[in-house]
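Chemist: These protein sequence lines map, in sequence, to chains A and B. Take 1 as the starting number for the first sequence in our numbering and just add one per residue. Take 195 as the starting number for the second sequence in our numbering and just add one per residue. So that we are looking at the same thing, I have put the structure below in structure tokens.
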Amino acid sequence: MYGMFAEAGFECPALLEPGRKLIFDNEAAGVRYFWVKPSDVAIYVERGAADIGVAGKDILLEYRPEVYELLDLDIGKCRMAVAAPEGFRDHPERTLRVATKFSRIARDYYTSMGRDIDIIHLNGSIEIAPILGLSDVIVDIVETGTTLKENHLEVIETIVPISARLIANKSGFKFKTEAIERLTAALERGAKQA
Amino acid sequence: MLIEDQVMDAQEKIGFRLRSLYSGYGYSRYKMSKFEEYDLYSRNKDFLFSDSVITFTDTNGRLMALKPDVTLSIVKNGKDTPGKVRKLYYHENVYRVTGASDGFREQTQVGLECTGALDGSIISEVLKLAAESLKTCAEDFVLEISHLGILEAFVDAVATDPRVKKQILECAGEKNLHGISRICREIGLAEGAEAPLRQLLTLYGPPRTVMPKIRQLASENGVGDFAGELGQALTVFTGSENENKIRIDFSATGDLKYYNGIAFKGFISGIPGSVLSGGQYDALMRKMGRKDRAIGFAVFLDMLERLTEEEWGHVEYRASQRKAGRKSVWHVCRSRV
């Protein structure tokens with residue numbers, strides 16, 4: 001990811017040095033990078049601590065931050081999916097128990113189908129919820145499907161494709177339009193060439 | 195009674211300055227109750243910032259709400275004024291859940307609402323006052339303006355299903371062009387069918403450079419009249435000191451069930467979200483049985499709490515220059531009791 005930004009003229013060699021620093025400056029290029037948890041990127045951008053950020057579409061759909069989504073970077077591709085134990089048979093007459101980290105995405109998906117569900121919000125190891133009888137299905141990110149297979153689960157529905165997106169603070173965009181548009185155009189060219 | 199300048203914080207000073215600004219343009223103060231019947235909000239939930247409203251049962255058994263919005267009350271409590279224009283301003287607290295915050299917050303808003311026989315000159319005046327309001331808060335601001343009639347026509351050209359239209363409008367508000375293309379593919383449109391809409395959303399910038407392109411694109415797509423309306427409204431800034439602060443930007447959207455025509459948002463450098471939001475809401479008036487047209491905006495004073503000293507210093511300096519040697523005090527009248 002950093003390579004795409006560097007190619008676009010926003011280099012910051014300090015970022016590649018080993019260490020535990022979280023903030024990296026390149027005053028000459030007028031850029032500062034910082035590492036934050038993927039789920040926090042949108043918050044930093046929405047609140048204006050960062051002008052731009054790279055966040056997964058899963059985070060944007062779950063938290064609905066007030067940001068501009070300028071570009072699909074076409075990297076980090078995966079999908080948000082419903083998975084269930086192999087051979088699972090749905091019983092529409094029952095409330096479906098859904099374990100997930102992505103409560104909003106799961107609720108929106110099943111609401112659009114008119115299905116009554118019971119959301120069980122978990123923060124990790126979602127795959128074991130159906131095995132232990134905690135839930136009927138899970139809603140989670142699926143990349144290769146290996147973890148699902150190893151836990152005898154399978155995808156039964158794809159909700160939405162996921163990839164990394166370039167996001168920008170709405171106010172920051174107004175006052176740094178040229179720089180942000182220049183970066184967006186350069187990243188778009190880079191994404192097309194990749 | 196004299197109140198020393200320094201006893202007021204930036205929000206309070208701005209609040210009084212805005213009231214003075216609106217009053218100077220002939221707007222009258224609208225004072226409202228803190229409570230309103232909940233039914234008003236439950237029938238217009240989409241108009242509110244969030245679905246959540248603080249409710250309580252009044253002594254007579256009616257379900258009441260602490261007001262989460264001012265405009266709905268003004269529309270509900272007003273009467274049509276055929277051939278006339280009613281100009282009101284307010285300075286009120288509202289109670290709502292905002293953004294990703296977990297609870298309710300009390301927020302202070304100053305704003306104005308103009309209802310009645312609106313013409314182009316009134317719409318221009320409101321836009322001018324929106325820009326002046328931002329200037330009252332800070333030197334470095336941007337007022338972005340769009341026309342929902344133009345945007346809706348371009349959206350209608352690719353989607354008629356209300357659910358899909360809503361998704362496309364959300365993408366427009368996020369400048370999410372790839373999202374629009376994805377939706378168009380999902381509903382089976384041919385590659386490139388959304389090109390005019392994408393083109394419209396990339397036309398961003400000052401009216402002087404962008405408006406000619408909007409006129410041409412709108413005319414090619416059968417909405418030249420709307421482009422004319424937008425252009426006419428923007429002439430109020432031509433040659434003015436605020437001209438370089440104005441941007442045309444069709445990502446300034448609104449719910450089309452309530453809003454129509456001119457829509458706008460204001461931003462101040464260093465403050466992460468929009469500090470001002472407004473537009474025409476004739477559609478809301480119709481929904482509530484009113485025949486008048488309407489336009490208004492609100493300034494969210496709590497967003498200004500963290501105005502930098504540097505920004506605020508410029509405004510204070512300008513204000514002190516205007517006073518031209520007058521002692522820096524606030525004059526507040528209090529009626530005799």
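Don't be surprised by glycine CBs; every beta carbon is placed ideally from N, CA and C.
#1: Check the DSSP bridge columns for Phe250 (chain B) and list the partner residues they point to.
#2: State yes or no: is the C-beta of Tyr453 (chain B) within less than 8 Å of the C-beta of Leu306 (chain B)?
#3: Put Thr177 (chain A) into one of helix, strand or coil per three-state DSSP.
#4: Taking 8 Å as the cut-off, decide whether the C-beta atoms of Leu22 (chain A) and Phe34 (chain A) are in contact.
#5: Are the beta-carbon atoms of Ile442 (chain B) and Val320 (chain B) separated by less than 8 Å?
#6: Could you have a look at Met226 (chain B) and say whether DSSP puts it in helix, strand or coil?
#7: Who are Tyr289 (chain B)'s beta bridge partners in DSSP?
#8: Report yes if the C-beta distance between Ile344 (chain B) and Val358 (chain B) is below 8 Å; otherwise report no.
#9: Sorted by chain position, which residues of the same chain lie with C-beta nearer than 7 Å to Thr144 (chain A)'s C-beta, five sequence neighbours on each side aside?
#10: Please check the pair Leu61 (chain A) and Glu69 (chain A), which I expect to be a contact at CB under 8 Å, by giving their CB distance rounded to whole angstroms.
#11: The beta strand (DSSP E) that contains Phe34 (chain A), what's its start and end?
#12: State the start and end residues of the unbroken beta strand (DSSP E) segment that holds Gly455 (chain B).
#13: Which residues does DSSP list as the beta-bridge partners of Gln474 (chain B)?
#14: What does Gly373 (chain B) reach in chain A if we use C-beta pairs closer than 7 Å?
#15: For a test of the three-state rule: what should DSSP assign to Tyr232 (chain B), helix, strand or coil?
#16: So what's Asp419 (chain B) in DSSP terms, helix, strand or just coil?
#17: Grab me the residues of Asp203 (chain B)'s own chain with a C-beta within less than 6 Å of its C-beta, minus the 5 sequence neighbours each way, in chain order.
#18: List the residues of chain B whose Cβ lies closer than 8 Å to the Cβ of Phe175 (chain A), in chain order.
#19: Helix, strand or coil for Met1 (chain A)? Go by DSSP, reduced to three states.
#20: Starting from Gly145 (chain A), find everything on chain B with Cβ-Cβ shorter than 8 Å and list it in chain order.
#21: Where does the unbroken alpha helix (DSSP H) through Cys378 (chain B) begin, and where does it stop?
#22: Of the residues that make up the segment 466-477 of chain B, which ones have a beta carbon closer than 8 Å to any beta carbon in chain A?
#23: List, in order along the chain, the chain A residues whose C-beta lies closer than 7 Å to that of Asn370 (chain B)?
#24: Smallest Cα separation from Val155 (chain A): which of A:Ile167, A:Ala6, A:Asp140, A:Ile162?
#25: Going along chain B in order, which residues have a C-beta closer than 7 Å to the C-beta of Asp40 (chain A)?
#26: Under three-state DSSP, which class holds Lys281 (chain B)?
#27: Quick one: using the 10 Å Cβ neighbour count with 16 as the cut-off for buried, is Thr111 (chain A) buried or exposed?
#28: If I measure Cβ to Cβ from Gly190 (chain A) and keep anything under 6 Å in the same chain, skipping five residues before and after, which residues do I get?
Modeler: According to the structure shown:
#1: As a first step, residue 250 (chain B) is located in the second sequence; it is residue number 56 there, counting from the start. Beta-bridge pairing links Phe250 (chain B) to B:Met258.
#2: Residue numbering aside, residue 453 (chain B) sits at position 259 when the second sequence is read from its first letter. Residue numbering aside, residue 306 (chain B) sits at position 112 when the second sequence is read from its first letter. At the C-beta level, Tyr453 (chain B) and Leu306 (chain B) stay beyond 8 Å of one another.
#3: In the first sequence, counting from the first residue as 1, residue 177 (chain A) sits at position 177. In the structure shown, Thr177 (chain A) sits in a helix (DSSP, three-state: H, G or I).
#4: Here residue 22 (chain A) corresponds to residue number 22 of the first sequence, with the count starting at 1. Here residue 34 (chain A) corresponds to residue number 34 of the first sequence, with the count starting at 1. Taking 8 Å as the cut-off, the beta carbon of Leu22 (chain A) is found closer than this to the beta carbon of Phe34 (chain A).
#5: Numbered from its first residue, the second sequence carries residue 442 (chain B) at position 248. Numbered from its first residue, the second sequence carries residue 320 (chain B) at position 126. The Cβ atoms of Ile442 (chain B) and Val320 (chain B) do not sit closer than 8 Å to each other.
#6: As a working mapping, residue 226 (chain B) is identified with position 32 in the second sequence. In the structure shown, Met226 (chain B) sits in coil (DSSP, three-state: anything other than H, G, I, E or B).
#7: The residue labelled residue 289 (chain B) in the question sits at position 95 within the second sequence. For Tyr289 (chain B), which the question treats as bridged, DSSP gives the partners B:Glu300.
#8: As a first step, residue 344 (chain B) is located in the second sequence; it is residue number 150 there, counting from the start. As a first step, residue 358 (chain B) is located in the second sequence; it is residue number 164 there, counting from the start. No, they are not a contact pair.
#9: Residue mapping note: residue 144 (chain A) aligns to position 144 of the first sequence, counting from 1. Excluding the 5 residues flanking it on each side, Thr144 (chain A) has no same chain C-beta neighbour closer than 7 Å.
#10: If you number the first sequence from 1, residue 61 (chain A) lands on position 61. If you number the first sequence from 1, residue 69 (chain A) lands on position 69. Contact check for Leu61 (chain A) and Glu69 (chain A): beta-carbon distance about 11 Å, past the 8 Å limit, so the pair fails to qualify.
#11: Start at 1 with the first residue of the first sequence, and residue 34 (chain A) comes out as number 34. Membership of Phe34 (chain A) in the beta strand (DSSP E) is indicated by the continuous run 31-34.
#12: In the second sequence, residue 455 (chain B) corresponds to position 261, counting from 1. Start and end: 454-462.
#13: In the second sequence, the residue the question calls residue 474 (chain B) occupies position 280. DSSP lists B:Asn454, B:Ile489 as the beta-bridge partner residues of Gln474 (chain B).
#14: Within the second sequence, numbered from 1, the residue matching residue 373 (chain B) stands at position 179. Gly373 (chain B) reaches chain A at Glu69, counting residues in chain order whose Cβ is nearer than 7 Å.
#15: Counted from its first residue, the second sequence places residue 232 (chain B) at position 38. In the three-state DSSP reduction, Tyr232 (chain B) falls in the helix class (H, G or I).
#16: Counted from its first residue, the second sequence places residue 419 (chain B) at position 225. In the three-state DSSP reduction, Asp419 (chain B) falls in the helix class (H, G or I).
#17: Taking the second sequence and counting its residues from 1, the one referred to as residue 203 (chain B) is at position 9. The answer is none, since no qualifying residue turns up.
#18: The residue labelled residue 175 (chain A) in the question sits at position 175 within the first sequence. In chain order: Asp334, Val336, Phe461, Ser463.
#19: One-based indexing of the first sequence puts residue 1 (chain A) at position 1. In the structure shown, Met1 (chain A) sits in coil (DSSP, three-state: anything other than H, G, I, E or B).
#20: Locating residue 145 (chain A) in the first sequence gives position 145, where the first residue counts as 1. Ordered by position in chain B, no residue passes the 8 Å Cβ test against Gly145 (chain A), which lies about 23 Å from the chain.
#21: Within the second sequence, numbered from 1, the residue matching residue 378 (chain B) stands at position 184. According to the DSSP assignment, Cys378 (chain B) belongs to the alpha helix (DSSP H) that extends over 371-380.
#22: Cβ contacts with chain A come from Pro466, Gly467, Ser468.
#23: To locate residue 370 (chain B), count along the second sequence from 1; it is residue 176. Here the neighbours are Glu69.
#24: As a first step, residue 155 (chain A) must be located in the first sequence, where it is residue number 155. Out of A:Ile167, A:Ala6, A:Asp140, A:Ile162, A:Asp140 has the C-alpha closest to the C-alpha of Val155 (chain A).
#25: Counted from its first residue, the first sequence places residue 40 (chain A) at position 40. Under the 7 Å cutoff, chain B gives no residues; its nearest Cβ is about 11 Å from Asp40 (chain A).
#26: Within the second sequence, the letter at position 87 stands for residue 281 (chain B). For Lys281 (chain B), the three-state secondary structure derived from DSSP is strand.
#27: The residue labelled residue 111 (chain A) in the question sits at position 111 within the first sequence. By the 10 Å Cβ count, Thr111 (chain A) comes out exposed.
#28: Counting from one through the first sequence, the residue named residue 190 (chain A) turns up at place 190. Only Met4, Glu7 meet the Cβ criterion.
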